[in-house]
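Chains A and B are the protein sequences, given in the same order.
Numbered by my numbering, the letters in the first sequence go through residues 95 to 345 in order.
Numbered by my numbering, the letters in the second sequence go through residues 95 to 345 in order.
Even for Gly, the Cβ is constructed at its ideal location relative to N, Cα and C.
Number of protein chains: 2
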Amino acid sequence: MIRVVLIGGGNVAFHLQKALHRAPGISLRQVVSRRLESLSDFESGVPRAILGAPLERADIYLLAVADQAIAPVSALLRDKDGLVVHTSGATGLEALEGLRRRGVFYPLQTFSRKRALDMAAIPLCIETEHPKDLSLLRSLAAALSRTVVELPLDKRRHLHLAAVFVNNFSNHMVHLGQAHCRQQGLEESLLRPLLEETCDKLGCMPAYDAQTGPARRNDRATEEAHRKLIENPLLRELYERISESIQETYD
Amino acid sequence: MIRVVLIGGGNVAFHLQKALHRAPGISLRQVVSRRLESLSDFESGVPRAILGAPLERADIYLLAVADQAIAPVSALLRDKDGLVVHTSGATGLEALEGLRRRGVFYPLQTFSRKRALDMAAIPLCIETEHPKDLSLLRSLAAALSRTVVELPLDKRRHLHLAAVFVNNFSNHMVHLGQAHCRQQGLEESLLRPLLEETCDKLGCMPAYDAQTGPARRNDRATEEAHRKLIENPLLRELYERISESIQETYD
Numbered sequence: 095m096i097r098v099v100l101i102g103g104g105n106v107a108f109h110l111q112k113a114l115h116r117a118p119g120i121s122l123r124q125v126v127s128r129r130l131e132s133l134s135d136f137e138s139g140v141p142r143a144i145l146g147a148p149l150e151r152a153d154i155y156l157l158a159v160a161d162q163a164i165a166p167v168s169a170l171l172r173d174k175d176g177l178v179v180h181t182s183g184a185t186g187l188e189a190l191e192g193l194r195r196r197g198v199f200y201p202l203q204t205f206s207r208k209r210a211l212d213m214a215a216i217p218l219c220i221e222t223e224h225p226k227d228l229s230l231l232r233s234l235a236a237a238l239s240r241t242v243v244e245l246p247l248d249k250r251r252h253l254h255l256a257a258v259f260v261n262n263f264s265n266h267m268v269h270l271g272q273a274h275c276r277q278q279g280l281e282e283s284l285l286r287p288l289l290e291e292t293c294d295k296l297g298c299m300p301a302y303d304a305q306t307g308p309a310r311r312n313d314r315a316t317e318e319a320h321r322k323l324i325e326n327p328l329l330r331e332l333y334e335r336i337s338e339s340i341q342e343t344y345d
Numbered sequence: 095m096i097r098v099v100l101i102g103g104g105n106v107a108f109h110l111q112k113a114l115h116r117a118p119g120i121s122l123r124q125v126v127s128r129r130l131e132s133l134s135d136f137e138s139g140v141p142r143a144i145l146g147a148p149l150e151r152a153d154i155y156l157l158a159v160a161d162q163a164i165a166p167v168s169a170l171l172r173d174k175d176g177l178v179v180h181t182s183g184a185t186g187l188e189a190l191e192g193l194r195r196r197g198v199f200y201p202l203q204t205f206s207r208k209r210a211l212d213m214a215a216i217p218l219c220i221e222t223e224h225p226k227d228l229s230l231l232r233s234l235a236a237a238l239s240r241t242v243v244e245l246p247l248d249k250r251r252h253l254h255l256a257a258v259f260v261n262n263f264s265n266h267m268v269h270l271g272q273a274h275c276r277q278q279g280l281e282e283s284l285l286r287p288l289l290e291e292t293c294d295k296l297g298c299m300p301a302y303d304a305q306t307g308p309a310r311r312n313d314r315a316t317e318e319a320h321r322k323l324i325e326n327p328l329l330r331e332l333y334e335r336i337s338e339s340i341q342e343t344y345d
């Protein structure tokens with residue numbers, strides 16, 4: 095049985111505690127947060143504590159907190175014998191200051207509280223400072239997910255950057271289109287079948303092959319007409335640079 | 095029975111001829127293209143002709159050609175009595191030079207030849223110069239799709255621009271992430287669950303509500319770390335401007 099204490103009350107912590115609570119071979123001993131209210135919708139059978147109160151003894155302390163909070167929170171764990179890991183894609187081991195046994199446990203996913211997520215399908219990227227800690231962390235990861243990869247900081251950062259494009263930036267493009275539609279008094283539902291087909295195509299072919307549109311076919315007249323329609327200077331610049339990037343891609 | 099001649103051999107023409115061939119109340123009289131080879135995978139029961147050969151008599155001539163080809167192709171139709179419509183989202187009636195009865199029939203979708211598409215789910219945006227032609231064009235559209243909207247050029251252009259963000263630009267962001275992964279020697283399949291969840295979220299909430307990530311939470315340290323990882327100057331600029339746009343959105 096791997097004993098785990100989970101620290102954090104955000105979306106990542108929320109989904110992790112749900113999965114940890116159910117996973118075979120894992121004993122979730124305690125969930126901890128700066129504010130007890132953040133834990134109000136957590137699994138009811140798990141003891142809760144406020145950050146700063148005494149922590150349960152554990153094999154692994156899992157820090158699912160904001161990147162900037164990793165260092166201050168880890169300062170509270172200096173007397174612990176267990177392995178301490180954070181869940182950040184962009185942060186190295188050094189953020190876990192002054193700890194003897196350090197590691198990373200990065201789940202590659204976008205976490206929204208309201209969404210039901212299947213943790214078993216989420217890639218878990220792990221790293222430990224000492225090789226002897228790796229098998230413990232691997233066991234924890236394997237109890238939760240079918241996909242466990244060992245990745246050092248450099249590779250993990252690049253993967254995290256790729257994830258920002260795949261999720262955050264693509265999502266923002268959809269938002270900009272939906273917002274433009276609303277601003278023009280057009281029914282947003284007109285975009286729905288296009289959005290569905292966009293997603294369906296991405297599900298069965300590389301995005302490279304799925305590309306269509308004015309920039310893809312070097313249609314400068316349409317680009318110029320679009321440019322003139324955009325009033326927000328940052329949006330206009332985005333339109334130009336992204337079109338340029340599409341043209342660079344297919345040159 | 096509405097008699098239709100379809101001109102064009104590209105992806106839009108391909109999907110239109112499939113739907114027209116099957117639609118009740120429509121008689122697809124002829125498909126026409128600059129090159130007969132473009133028509134080789136079109137429905138076998140429909141007569142084919144090369145552009146410049148005599149055209150069948152029709153109630154509606156449907157020009158599913160590139161925007162720049164609309165004017166030169168419409169010059170071949172000056173002696174026709176039928177209604178001539180193009181399928182461009184960004185082009186006005188004036189491209190149909192010297193024709194007496196003009197209109198637009200813009201299907202809002204991304205068309206790839208290999209994909210099976212349900213035309214009934216695709217919004218068709220229509221416009222005619224003369225009000226008396228509107229009911230004819232509306233009948234054609236209604237025979238193909240459940241969603242038919244009358245939109246003048248100005249509104250259609252804005253909708254087309256929104257569609258570029260929702261499809262072309264979001265797809266390109268996914269490509270950039272997938273390409274970055276490959277370049278770094280990372281398994282592209284690691285991004286798959288994230289891409290699926292990105293799409294699932296967009297299917298059930300506005301993109302505005304789905305946003306997560308460093309830019310959304312104003313995490314400047316991660317942004318700076320990512321910036322340093324990007325070698326391509328255009329890509330780095332994209333990263334900065336899109337992050338800025340996300341921050342502007344949630345300010």
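Item, Value
"Rounded C-alpha distance that separates R123 of chain B from I101 of chain B", "11 Å"
"Any C-beta of chain B under 7 Å from that of L217 of chain A", "Reading the sequence as shown, one finds Pro at residue 217 of chain A and not Leu. Interface residue, yes."
"Own chain, CB closer than 8 Å to L193 of chain A, minus 5 neighbours either side, in chain order", "S168, L171, R172, K174, V178"
"Chain-ordered chain A contacts of R330 of chain B [CB-CB under 7 Å]", "Residues of chain A passing the Cβ test: none, with the nearest at roughly 11 Å."
"Helix, strand or coil at Q305 of chain A [DSSP, three-state]", "coil"
"Nearest-angstrom Cα separation, counted from V125 of chain A out to G183 of chain A", "22 Å"
"Proximity to P246 of chain A [Cα-Cα], best of A:L187, A:G146, A:E334", "A:L187"
"Separation of F136 of chain A from G119 of chain B, as counted between CA atoms", "58 Å"
"7 Å Cβ cutoff, P166 of chain A in contact with chain B", "no"
"Chain-order list of residues whose beta-carbon lies under 6 Å from that of A214 of chain B (same chain, five-residue window excluded)", "S239, R240"
"Whole-angstrom distance between A210 of chain A and G176 of chain B, CA atom to CA atom", "54 Å"
"Beta-carbon neighbours of I220 of chain A, restricted to chain B and to distances below 7 Å", "Within 7 Å Cβ-Cβ: nothing; I220 of chain A doesn't reach chain B, min ~13 Å."
"Length of the line joining the Cα atoms of A152 of chain A and D212 of chain A", "25 Å"
"Boundaries (first-last residue) of the alpha helix (DSSP H) holding L228 of chain B", "225-238"
"Contact with chain A by Q305 of chain B, beta-carbon distance below 7 Å", "yes"
"Rounded separation between L234 of chain B and L157 of chain B - CA only", "14 Å"
"Per-residue contacts from Q278 of chain A into chain B (C-beta, under 8 Å)", "K249, H252, L253, A256"
"DSSP three-state assignment for E221 of chain B, whether helix, strand or coil", "strand"
"With 16 other Cβ atoms within 10 Å as the buried cut-off, status of L133 of chain A", "buried"
"Per-residue DSSP class, three states only, for S138 of chain B", "coil"
"Local conformation of Q124 of chain A per DSSP, three classes", "strand"
"Rounded separation between S206 of chain B and D161 of chain B - CA only", "17 Å"
"Three-way DSSP call (helix, strand, coil) for L280 of chain A in this model", "coil"
"Neighbour flag for H109 of chain A against chain B, beta carbons, 7 Å", "no"
"Exposure label - C298 of chain B; buried when at least 16 CB within 10 Å", "exposed"
"Simplified DSSP state of L270 of chain B, which is helix, strand or coil", "helix"
"One or two residues paired with L156 of chain B in a DSSP bridge", "B:L100, B:V179"
"Residue-level contact to chain B via CB, M267 of chain A, 7 Å cutoff", "yes"
"Where S197 of chain A falls: helix, strand or coil (DSSP)", "The sequence shown places Gly at residue 197 of chain A, rather than the Ser named in the question. Strand, per DSSP."
"Within 7 Å, strictly: CB atoms of I260 of chain B and G271 of chain A", "It is Val, not Ile, that sits at residue 260 of chain B in the sequence shown. Yes, the Cβ-Cβ distance between V260 of chain B and G271 of chain A is below 7 Å."
"Endpoints, beta strand (DSSP E) assigned at V243 of chain A", "242-244"
"is_contact[P246 of chain A, chain B] using C-beta, thresh 7 Å", "no"
"Three or more C-beta pairs below 8 Å linking the region 308-315 of chain A and the region 279-294 of chain A", "no"
"Cβ pair H266 of chain B, I340 of chain A closer than 7 Å", "yes"
"Y155 of chain A to K226 of chain A span [Cα, whole Å]", "16 Å"
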